[in-house]
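Protein sequence lines, in the order shown, are assigned to chains A, B, C and D. Using this note's numbering, read the first sequence as starting at 1 and increasing by one per residue. Using this note's numbering, read the second sequence as starting at 1001 and increasing by one per residue. Using this note's numbering, read the third sequence as starting at 2001 and increasing by one per residue. Using this note's numbering, read the fourth sequence as starting at 3001 and increasing by one per residue. Note that beta-carbon positions come from the ideal geometry of N, C-alpha and C, so glycine has one too. These notes concern the structure reproduced below.
4 protein chains.
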Amino acid sequence: MQNHKKFNIAIVGASGFTGSELARLLSLHPAVKINHITSESHEGKKFSDLHPQFLGILDQTLESSKVIKNSDLDIIFLALPHGISMDFVKTLSEQKARIIDLSGDFRLESPEVYEAWYQKQHIFPEGFKNAVYGLPELHAEKIKKSRLIANPGCYPTASILSLAPLTALDMIETDSVVIDAKSGLTGAGVKASPTTHFSNVNENFKAYGIGTHRHTVEIEEQLGLLSNKPTLVQFTPHLLPVDRGILATAYAKPKGEMDQNKLEKIYEDFYADKPFVRIRKTAPGIKDVRGSHYCDIFPFWDERTNRIISISAIDNLLKGAASQAVHNMNLMLGLEEQTGLEQIPLRP
Amino acid sequence: MQNHKKFNIAIVGASGFTGSELARLLSLHPAVKINHITSESHEGKKFSDLHPQFLGILDQTLESSKVIKNSDLDIIFLALPHGISMDFVKTLSEQKARIIDLSGDFRLESPEVYEAWYQKQHIFPEGFKNAVYGLPELHAEKIKKSRLIANPGCYPTASILSLAPLTALDMIETDSVVIDAKSGLTGAGVKASPTTHFSNVNENFKAYGIGTHRHTVEIEEQLGLLSNKPTLVQFTPHLLPVDRGILATAYAKPKGEMDQNKLEKIYEDFYADKPFVRIRKTAPGIKDVRGSHYCDIFPFWDERTNRIISISAIDNLLKGAASQAVHNMNLMLGLEEQTGLEQIPLRP
Amino acid sequence: MQNHKKFNIAIVGASGFTGSELARLLSLHPAVKINHITSESHEGKKFSDLHPQFLGILDQTLESSKVIKNSDLDIIFLALPHGISMDFVKTLSEQKARIIDLSGDFRLESPEVYEAWYQKQHIFPEGFKNAVYGLPELHAEKIKKSRLIANPGCYPTASILSLAPLTALDMIETDSVVIDAKSGLTGAGVKASPTTHFSNVNENFKAYGIGTHRHTVEIEEQLGLLSNKPTLVQFTPHLLPVDRGILATAYAKPKGEMDQNKLEKIYEDFYADKPFVRIRKTAPGIKDVRGSHYCDIFPFWDERTNRIISISAIDNLLKGAASQAVHNMNLMLGLEEQTGLEQIPLRP
Amino acid sequence: MQNHKKFNIAIVGASGFTGSELARLLSLHPAVKINHITSESHEGKKFSDLHPQFLGILDQTLESSKVIKNSDLDIIFLALPHGISMDFVKTLSEQKARIIDLSGDFRLESPEVYEAWYQKQHIFPEGFKNAVYGLPELHAEKIKKSRLIANPGCYPTASILSLAPLTALDMIETDSVVIDAKSGLTGAGVKASPTTHFSNVNENFKAYGIGTHRHTVEIEEQLGLLSNKPTLVQFTPHLLPVDRGILATAYAKPKGEMDQNKLEKIYEDFYADKPFVRIRKTAPGIKDVRGSHYCDIFPFWDERTNRIISISAIDNLLKGAASQAVHNMNLMLGLEEQTGLEQIPLRP
């Protein structure tokens, strides 16, 4: 690989956690070169001024996003808040570069659904036609040809992978799904606020967005696509006093007969050739996947109650954001899908 | 109060967290005197040698439990593991002293159910006849007259209080109940093991006892008593990387029409004269109750899915163990129920 | 106590951690009544809206600080940032009420020193004449008669108590003192900022204010008062990923002969009648004092190096702020000094 | 590299944190093959049974250490407790394979010093003659030729690197050195005990081994070698409630004139060609190096007190153990020293 021409990429939005994780993965990726990292608010500073762990590793100067407008780039990563990202997608849509958008702006099936759940007008409805939902385990073929990837949300990644084998076979009662999800604090973003204040998070635990979280509809749509039926999901996110990790505990009633062996086989078959999904025999912890691109799943059938409990764990900043984006990039560029994603979970 | 004769109490089992919390509450309680604290393995040491935070406060010598056999005591607290506690209850059952057992040995409706879920033979089946389930919000009158209190488990306390108003009115579908519960590490006890090793807990989060946790049947029995119907509960505990606190997120389908106002009124009416249950308008965090005897509950009706989500928070070592035992003692001794339980949650 | 007239107090500044801890202690204090709690930015809200742990316990309405100007109060607590507090002290100095100022505005020996270390002009230099440094273990007699208490800083409380027995006897080389101190995050205050963002604190640890922290001069002045010699202290604070607690590790070279027995005796004699200082035989942890007014000290003489290492632990929000203020109030009002300060450390 | 024959290595001792981190680094290292991983107590299990994060990545079967006795290995890593490691070194000393011992058994200058500080008889005193102290920044040339590496302790690595530039130039008063060090809990090892119980570590902080910690003499010897003078170090370790990281705050009085520019230049010159030491302009946090092989140092001169404060940060499991061992291996095998050590710190 080292001898080949590298692909040119840019990271738009350097100050957040996903920007920083993209930079970490891509600066070690053997097939790409980071041409630009942009930040409007920190233009002129070094990347390592913002993220001191990169001192001596990535001291590249942050540029205004204007520089990417006519650059000769292969892939542009947008690590921006929703609502702002759509502006960039619109502006950049005529360029040669293909776009991986890490925001929520193009994940849903239509601008109408977007506006209902995000309570914000969408300025680039045309984008929805071409956007591909970038979950490689489900949509690899479409991703390869896409020019606009809507990189999935962190909760949806864990939740959809947790139930996809069952919905794809139409094996659960569609109104019985409860997903009780828990995320590390980095899911709340880099902005300082009472929500992210240490003393409100540490030694604490609470639910939020009950009944209204935007990831609900993203999960419902993707599960619905698999089963070809409308799916209603009760999704409740909670905030964990840890930096990284999502654990989703999903409950569903099976249609028809079920047993543990059958259940395990369904999951193993479904993910047989997916290198980053690991089916476990016991419940995973979030530290089993931290710092890696893995999604670990433990499917369990409770004979007493005849209910399925499927527990999945990911690193919200990686499989839930940055490494998923790199995985998508690998597919788009015709690279081996594992390239640059070999990190082994960091534990303890 | 200070001028009256104090009641004589003993704490059997000093080395664990509940023993230490009982000592903390009872040493400041205005109506009692701690006559004995016992520990077989630490006999002869000071209590503050085991629990250094008590230096200069409670330097009482730990005694063998033999001393309590013929003591003139009013209340004996058993802070012992299940399986061991029943021995003491049997031996002490002829004495004058009334017993508050913090273990799980007498919480269930029969020795048969106990043996099925605890996989252990019960050596004192007669105890079940007289034991009263010590949840003051439900059984205050029986508690006052009881000679043997089975102090509830931590998860059941949070779970039962969270759903009791609805089951008492038979307002939920009994097979729709999912309780996704999360506990701080002290719930796993003081014993050093891989489970309690810092590096397995810190920055981690995982489910355990899926489908098999003993608290499941305790919850089912108590909810069933309220509704007069068998109740099937899907109960999944998880381990939080915090010291204290339980958050239980309970899901259930309502029978008949529901709305948010109606739901809140049901809860407020049910707990109208219960000083330690606080009905909230927003989701509580475990830090809102830490170090206190409160149980905070947020009942929510999701119109979109027609499902009720009731979230409750307690301090597992207090409302889930030690302060609940003191509350029971207050009732048994004819004291004002709040006596000695005025601690305001410690936050941050 | 309950039948006597209660003293009237006010808390000015409700939104921070010290305001909230004062409210917690004072609402349970048997000899006082909280007449007013003020907050300019949250006027009209309930106290429990700001601090949800107080729901049903302290739902008092927050008032503008204007109300205290002509109130009939015995004690006013100022829980305000430095620089703002001096305004209030100036305005209130003619009133009957005595003031306990929890800020740093009147802790130093002169406005000149203040201005050098705080880099801010002092608007009420006259205040310094009457202000008493409110460390009860050193200045109880002056505190009883004072009308303006400068409540000590958190680091100085731990640091001064750790070395006071030795400096009072002039037994250490005054240029050999190194104090390496570590504080929980609440020391950084309630304001959301990158410093207090969970992801910058959790799993992290770093030094700050190296060579320049304002508490340095406060420690130097108080130790200098005891020894009657100028004392130069190398003070380095660090930020711990915990909510509460300060541990100060102080190093000093003894003058003359030293041994462990002699060292312990010096400490035990010095604090013989001080109920809240506990001299330990082993190193304390911050959790041994959390939630309490205790200061635990372990003095150690290293024979090999002939150096003294004195380790002290306090709860920065209590002995380092709010409970210290209540202790001062008790002395000022002629109450038993332990009144309302009986909390046993909350551990685990 | 991929096309060349790989070097054969073995990891003896799989159950601890250093064994697991060695496996993580070496399984991704381009120039080596892990022939054996051994564990007496877990023989026959898979490596991923012990360390579930390795599921599907390193499922290699654990073998008895007997297998390495006549294997054709290039390097053997001993990840064993001190006292046990020396047995293996003795037995293996006649083999072809070169040894990197991660224990403390051969770090000191003589068996006599070892026995004084470790209070244990040494069974292989001959080993000291050939053992090389494996700190690559100081001893790279010796390491390249060595057949037995004594891999440095975690605290000594941070402490020695923090002061080496000054002692090498004989610029500090040798009796003025105080090192106040703080380590994450993984430094205490994988064994379950009260010390490693979550509830004793979380939200806590305390000193231990005051005046007696074995790393003291290791630091003193290495600094003494550099300055050619006996050096007396006051070393106090503390336990941080985090998984990984050491921060060492070192204090020393300069000999002769000092200023900040001069100080920085000394450090930059000394580490000019050392790729893993980063000299910072502000204080590093442990999260700035977590998961990486970096040692970050901030040297500061306090003009007011004329004292130097040098703050260093490492990941105790990596630069303080496993990655240092890999660095030594690279030197021994004639590889580029950065090979396999490119990990960027994982933050947040």
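Asked, Found
"Within 8 angstroms of any Cβ in chain C, is that where the Cβ of B/Gln1060 sits?", "no"
"Mind checking D/Ser3159: buried by the 16 CB within 10 Å criterion, or exposed?", "buried"
"Examine chain C for any beta-carbon lying closer than 8 angstroms to the beta-carbon of D/Val3242, and answer yes or no.", "yes"
"Under a three-way DSSP split, which group does B/Met1001 fall into?", "A caution first: B/Met1001 carries a pLDDT of 44, below 50, which makes its placement in the model too unreliable to give a value."
"Kindly indicate which three-state DSSP category C/Tyr2114 falls into: helix, strand or coil?", "helix"
"Per DSSP, A/Pro345 is paired with what?", "In DSSP, A/Pro345 forms no bridge with anything."
"Check this for me: beta carbons of D/Phe3124 and D/Lys3090, under 8 angstroms apart or not?", "yes"
"Mind checking which residues open and close the beta strand (DSSP E) that includes C/His2036?", "Val2032 to Thr2038"
"Count the other CB atoms within 10 Å of the CB of A/Ala272; is the residue buried (16 or more) or exposed (fewer)?", "exposed"
"Counting along the chain, where does the alpha helix (DSSP H) carrying C/Asp2087 start and finish?", "Ser2085 to Leu2092"
"Going by DSSP, what residues sit across from D/Leu3078 in a beta bridge?", "D/Val3012 and D/Asp3101"
"Evaluate contact between the stretch 30-38 of chain A and the stretch 54-65 of chain A, counting only Cβ atoms and requiring at least three cross-stretch pairs below 8 angstroms.", "yes"
"Quick one: what does DSSP say D/Thr3231 is sitting in, helix, strand or coil?", "coil"
"Could you have a look at A/Ile297 and say whether DSSP puts it in helix, strand or coil?", "strand"
"Take A/Asp243 and list the residues in its own chain whose beta-carbon comes closer than 7 angstroms to its own, dropping the five residues that flank it on each side.", "Gly184, Leu185 and Thr186"
"If we cut at 8 angstroms on Cβ distances, does C/Gln2260 have a partner in chain B?", "no"
"Could you tell me whether the Cβ of C/Val2177 comes closer than 8 angstroms to any Cβ of chain A?", "no"
"Taking D/Tyr3208 as the query, report the chain C residues whose CB atoms sit under 8 angstroms from its CB, ordered along the chain.", "Ala2283"
"Consider the Cβ of A/Lys287: report whether some Cβ of chain B lies at a distance smaller than 8 angstroms.", "yes"
"With three or more C-beta pairs closer than 8 angstroms as the rule, is the stretch 146-164 of chain A touching the stretch 322-333 of chain A?", "yes"
"According to DSSP, is A/Arg304 helix, strand or coil?", "coil"
"What would DSSP say about B/Val1132, mapped onto helix, strand or coil?", "strand"
"Under 8 angstroms, Cβ to Cβ, is there at least one residue of chain B near D/His3029?", "no"
"Based on the DSSP output, what are the partners of A/Arg278 in its beta bridges?", "A/Asp296"
"Below 7 angstroms CB to CB, which residues in the same chain sit around D/Arg3280 once its five sequence neighbours on both sides are set aside?", "Asp3296, Ile3297 and Phe3298"
"Give me, in chain order, the residues of the same chain whose beta-carbon lies closer than 7 angstroms to that of C/Glu2342; leave out the 5 immediate sequence neighbours on both sides.", "none"
"For C/Pro2230, decide whether its Cβ has a neighbour in chain B, counting only Cβ atoms nearer than 8 angstroms.", "no"
"Take C/Lys2229 and list the residues in its own chain whose beta-carbon comes closer than 8 angstroms to its own, dropping the five residues that flank it on each side.", "Asp2170 and Thr2174"
"Can you tell me whether D/Glu3126 is helix, strand or coil according to DSSP?", "coil"
"For D/Glu3021, collect the residues of the same chain with a Cβ closer than 8 angstroms to its Cβ; drop the 5 residues on either side in sequence, then sort them by chain order.", "Leu3317, Leu3318, Ala3321, Ala3322 and Ser3323"
"Looking at chain A, is there any beta carbon in it that lies within less than 8 angstroms of the beta carbon of C/Asn2316?", "no"
"When the cut-off is 8 angstroms and only beta carbons count, does D/Leu3055 lie next to chain A?", "yes"
"Hey, B/Glu1203 and A/Lys206 are a contact pair by Cβ (cut 8 angstroms); roughly how many whole angstroms apart?", "Rounded, the Cβ-Cβ distance is 18 angstroms, inconsistent with contact."
"To the nearest whole angstrom, what separates the beta carbons of B/His1197 and D/Ala3192, a pair I think is in contact under 8 angstroms?", "5 angstroms"
"Cα separation between A/Val12 and A/Glu63?", "9 angstroms"
"Step through the CB atoms of chain A and report whether any lies within less than 8 angstroms of the CB of B/Ser1199.", "yes"
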